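All letters in the sequence shown, in the order written, are residues 5 to 390 by our numbering.
Structure first, then comments.
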Amino acid sequence: MRRKVAVFTGTRAEYGLLYWLMKDIEASDHFTLQVIVSGMHLSPEFGETWKEVEADGFYIDAKVEMLLSSDTPVGVAKSMGLGTIGFADALERLKPDVLVVLGDRFEALAIVQTALVMRIPVAHLHGGEITEGAYDDAIRHAITKMASLHFVAAEPYRQRVIQMGESPERVFNVGALGLDHLLRSPRMPLAALGDSLGFSLRSPYFLVTYHPATLSDEDPAKSAKALLDALDEFPGYQLILTYPNADNGGRAIISMLEQYAAASGGRALAVPSLGFARYLGAMTHTAAVIGNSSSGIIEAPSFGVPTVNIGARQSGRLCARSVLHCPVETRAIVASIHKAVSPDFSALCRGVHNPYGNGDAAEKILDALTSCDLNPQKQFFDQPAR
5 MRRKVAVFTG TRAEYGLLYW LMKDIEASDH FTLQVIVSGM HLSPEFGETW
55 KEVEADGFYI DAKVEMLLSS DTPVGVAKSM GLGTIGFADA LERLKPDVLV
105 VLGDRFEALA IVQTALVMRI PVAHLHGGEI TEGAYDDAIR HAITKMASLH
155 FVAAEPYRQR VIQMGESPER VFNVGALGLD HLLRSPRMPL AALGDSLGFS
205 LRSPYFLVTY HPATLSDEDP AKSAKALLDA LDEFPGYQLI LTYPNADNGG
255 RAIISMLEQY AAASGGRALA VPSLGFARYL GAMTHTAAVI GNSSSGIIEA
305 PSFGVPTVNI GARQSGRLCA RSVLHCPVET RAIVASIHKA VSPDFSALCR
355 GVHNPYGNGD AAEKILDALT SCDLNPQKQF FDQPAR
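See below:
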């Protein structure tokens, strides 16, 4: 009998990581894929990216509206409440045998807590990681304790999940799922990328994404201004500026990006969502990835491009040598960008080792989902005394 596997996605970036796993589940004789879409996907403000999910050939089994038009802490908390109500109805109707979630977003926490109460097993991807500058860090660990199966991106993260009391035989080091694109997805040529964006890429460019650091003292607007002021020091580079996530303070950044692009004389483009095909193309050809997105740390090293990671949001993550860290201060950002685009550092990046795996995560996850007991009841694993 086929197992019903519900895959949840609430953001454009997370969907891009899940794409090949969803395709493999759909093609398998052992599973029936169910797709649950929510969060930013359904928001016109963030590009209504649920349409990209359908355009890729997936049938969306449930759309759960949850985002309020507020990015205050109260607004985000209320959005989680709305999500919980909607997810309860969706899961009751779909009755999946297992729910697959990736990462650390508040949308994921809302559906996982619902699944816990409804006794639906959860398979969690990218647990065990550390991002000390965002409340996503606590959300990730909370999801770990509610999940039955764990698919982590590196061995230190596997050990951390076991340290949290999860049974070793249910914690699998599969590598980062987003790296499957390296082996399986075509890269969009530079000219095609420009045509798709309606933006002539006639010179080197930076791929820039900056999210609010929800647990640090970084003011979103001041931090974004420091970054944009730094980018002014590189007039020979064009800019692809992608919107931040729907986190506290994100809308202030969106407004600044739009105003900056409008005043740039065609040097900069602000875009709500690239979609993963264009994002992969943009990362392939960029001179550097700049900001504080996890993609700059996890995926960018495998593309041989440098990353300038700004501020505290990703503090604690395992990083390749191609990742440069700097505080949210204009002069520090400028100095880091200069180093990133220097010939010596660019050469180093082209041969760097990525600690997040080789691009075969989806296959490993499917093997485990096929063979593992999905019973959500589990025991706390105590490590032997030393």
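We put the CB at the ideal spot given by N, CA and C, even for glycine.
Source: prediction; values computed, not measured.
Nearest to residue i (by Cα), restricted to the options the options
i, options, result
"A10", "D141, G279, V116 and M287", "V116"
"S227", "T13, L261, I64 and A66", "L261"
"P100", "T76, F12, H145 and E49", "F12"
"Q242", "E136, V212 and A225", "V212"
"D184", "R16, Q387, F307 and A291", "F307"
"L364", "S189, S207, E30 and A146", "Checking the sequence, you will find Asp at residue 364 rather than Leu. When each option's Cα is compared against that of D364, the closest is S189."
"M357", "P310, V338 and E333", "For clarity, residue 357 is His in the given sequence; the question names Met instead. Nearest C-alpha to H357: P310."
"M7", "R16, L231, H34 and K55", "For clarity, residue 7 is Arg in the given sequence; the question names Met instead. Cα-wise, what sits closest to R7 is H34."
"S326", "V293, A316 and V102", "V293"
"S73", "I89, G43 and A92", "G43"
"L201", "P276, P48, K343 and V39", "P276"
"R206", "D221, A195 and E56", "A195"
"E303", "Q387, L186 and D223", "L186"
"V178", "E170, R164, V156 and S171", "V156"
"D108", "G198, G131, G90 and P77", "G131"
"A234", "A339, Q263 and G270", "A339"
"L378", "R335, E237 and L153", "L153"
"H128", "D386, A372 and Q387", "A372"
"V332", "C353, K149, D221 and Q263", "D221"
"Y458", "A94, F91, A180 and Q263", "For the chain, the structure presents residues 5 to 390; residue 458 sits outside this window and is missing."
Buried or exposed (CB count within 10 angstroms, at least 16 for buried), residue i
i, result
"N362", "exposed"
"Y63", "exposed"
"E18", "buried"
"H45", "buried"
"R317", "buried"
"E58", "exposed"
"L25", "buried"
"F384", "exposed"
"S346", "exposed"
"M5", "exposed"
"E69", "exposed"
"I89", "exposed"
"S204", "exposed"
"G269", "exposed"
"P216", "buried"
"A281", "buried"
"A389", "exposed"
"V312", "buried"
Beta-carbon proximity list for residue i, same chain, < 8 angstroms, skipping 5 on both sides
i, result
"A225", "G253, A256, I257 and M260"
"L113", "M84, I143, A146 and I147"
"M287", "L211, V293, S299, E303, A304, F307 and V309"
"E96", "M122"
"K229", "M260"
Sub-8 angstroms separation of residue i and residue j beta-carbons
i, j, result
"F176", "K368", "yes"
"K82", "V41", "no"
"G182", "L370", "no"
"A151", "V121", "no"
"E52", "G87", "no"
"G285", "M168", "no"
"I1", "V105", "Outside the modelled stretch of the chain, which goes from 5 to 390, sits residue 1, for which no answer is possible."
"N249", "T15", "yes"
"I314", "L231", "yes"
"P60", "V39", "Position check: residue 60 holds Asp in this sequence, whereas Pro was assumed. Their beta carbons are not under 8 angstroms apart, which means D60 does not touch V39 by this criterion."
"F238", "I341", "yes"
"E56", "G295", "no"
"S32", "L71", "no"
"P172", "I166", "yes"
"F50", "Y214", "no"
Own chain partners of residue i with C-beta closer than 7 angstroms, once the 5 adjacent residues on each side are dropped
i, result
"P359", "A158, L322 and A324"
"I134", "D141, G320 and R321"
"A265", "L245, A272, L273 and A274"
"Y209", "Y241, Q242, L243, I244, T290 and A291"
"S350", "P310"
"H329", "N313"
"K343", "L328 and F349"
"I301", "T311, N313, Q318, R321, C323 and V327"
Cβ-based neighbour list, residue i, same chain, cut-off 6 angstroms, excluding 5 preceding and 5 following
i, result
"D28", "A366 and L370"
"L103", "A10, A119, I124 and V126"
"T374", "H34"
"T36", "R6 and K8"
"R174", "L153"
"E136", "S319 and G320"
CB contact below 8 angstroms: residue i versus chain C
i, result
"Q242", "No chain C appears in the structure shown, which is made up of a single protein chain."
Which whole runs of the beta strand (DSSP E) in the segment 136-189 are 3 residues long or more, in chain order? 153-156 and 175-177
Please give me, in chain order, every unbroken run of the alpha helix (DSSP H) with length at least 4 that falls completely inside the segment 306-344. 334-344
Inside the segment 235-288 only - alpha helix (DSSP H) runs reaching at least 4 residues: 254-266
Mind pulling the beta strand (DSSP E) runs of 3 or more residues that sit fully within the segment 49-106? 66-68 and 102-106
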